[in-house]
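Participant:
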Amino acid sequence: KKAIAPYDTNNILDHHFLNSRGAIARFDRNAIEIRLMDIQECPLADMAIASLVIESIKLFVGKKLAPLNLQKEWTKEQLFPILNAAIKTGEETPVDNLEYLSMFQLTEPKTMKEIWAHLYQLVKENLSEDYQDALETILEQGTLSTRILKGLKGAISTENIKDIYTHLSNCLAENKMYLP
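Here the sequence shown is numbered in our numbering, starting from 19 and rising by one per residue.
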């Protein structure tokens, strides 16, 4: 709330909803709300990402990657550093916690992108060809935010940002992924 105060002189912004990205534990409902997805690029990409997440969750719920008792041992305090690092550095975030990686049946350090590529390979056959193409673009070219930064080519100006977002609005309207 303090961080937004200079920008909210009329006190109308609710800090709970300003950046609703995160994996929010809802212990009262025995659930986790997932608000991490890189969405609003185009419906194709959004649905492909959602489908990958759903299929990945099915792997855990079906105990195909790790038994339930091991999944339940993880606390939010243990997961927070991994999540916080990923928020800062996206798909290039290194993950070296071997206990965490073992939950994905991985045995050596990986980046977030490599973890998602591994999950993708495990569930690929359950995804439509269109979704596979979209996810392969993301895994090869980067997340939407990474591709936006690539599109700016280091020249961050109001004009360049407007150009990128004009292109993005066209991608959204045409249901096409943004490629810089």
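From the three backbone atoms N, C-alpha and C, an ideal C-beta is built for every residue, glycine too. Just so you know, these numbers come straight off a predicted model, no measurement behind them.
1. Using a 10 Å radius around the Cβ and a threshold of 16 neighbouring Cβ atoms, would you call tyrosine 149 buried or exposed?
2. Would DSSP call alanine 84 helix, strand or coil?
3. Could you pull the start and end residues of the alpha helix (DSSP H) that lysine 106 belongs to?
4. If distances are taken between C-alpha atoms only, which option among Val71, Glu109, Pro61, Ala135 comes closest to glutamate 51?
5. What does the alpha-carbon distance come out to for the pair lysine 128 and leucine 77?
6. Tell me the rounded alpha-carbon separation between proline 24 and methionine 121.
7. Would you say the beta carbon of leucine 153 is closer than 6 Å to some non-hydrogen atom of the ligand MN?
8. Would the beta-carbon of alanine 66 fall within 7 Å of that of leucine 153?
9. Between the alpha carbons of glutamate 59 and serine 163, how many angstroms are there, rounded?
10. Taking all protein chains shown into account, do 16 or more other C-beta atoms lie within 10 angstroms of the C-beta of leucine 86, making it buried, or fewer, making it exposed?
11. Under three-state DSSP, which class holds proline 61?
Facilitator: Short version:
1. The count along the sequence shown starts at 1 and reaches residue 149 at position 131. Counting other Cβ atoms within 10 Å of its Cβ, tyrosine 149 reaches 16 or more and is therefore classed as buried.
2. Taking the sequence shown and counting its residues from 1, the one referred to as residue 84 is at position 66. In the three-state reduction of the DSSP assignment, alanine 84 falls in the coil class, being assigned neither a helical nor a strand state.
3. Counted from its first residue, the sequence shown places residue 106 at position 88. Residues 94 to 107.
4. The sequence position of residue 51 within the sequence shown is 33, counting from 1. Residue Val71 is the option with its Cα nearest to glutamate 51.
5. Mapped onto the sequence shown, residue 128 falls at position 110. Mapped onto the sequence shown, residue 77 falls at position 59. Approximately 19 Å between the Cα atoms of the pair.
6. Residue 24 sits at position 6 when you count from the first residue of the sequence shown. Residue 121 sits at position 103 when you count from the first residue of the sequence shown. Spanning the two alpha carbons is a distance of roughly 42 Å.
7. You won't find the ligand MN in this model; it holds no ligand whatsoever.
8. Within the sequence shown, the letter at position 48 stands for residue 66. Within the sequence shown, the letter at position 135 stands for residue 153. Yes, Cβ-Cβ distance for alanine 66 and leucine 153 is below 7 Å.
9. Position 41 of the sequence shown holds residue 59. Position 145 of the sequence shown holds residue 163. About 10 Å.
10. For the purposes of this step, residue 86 is taken as residue 68 along the sequence shown, with counting starting at 1. If you draw a 10 Å sphere on the C-beta of leucine 86, you find fewer than 16 other C-beta atoms in it, and that means exposed.
11. For the purposes of this step, residue 61 is taken as residue 43 along the sequence shown, with counting starting at 1. In this structure, proline 61 counts as helix in the three-state DSSP scheme.
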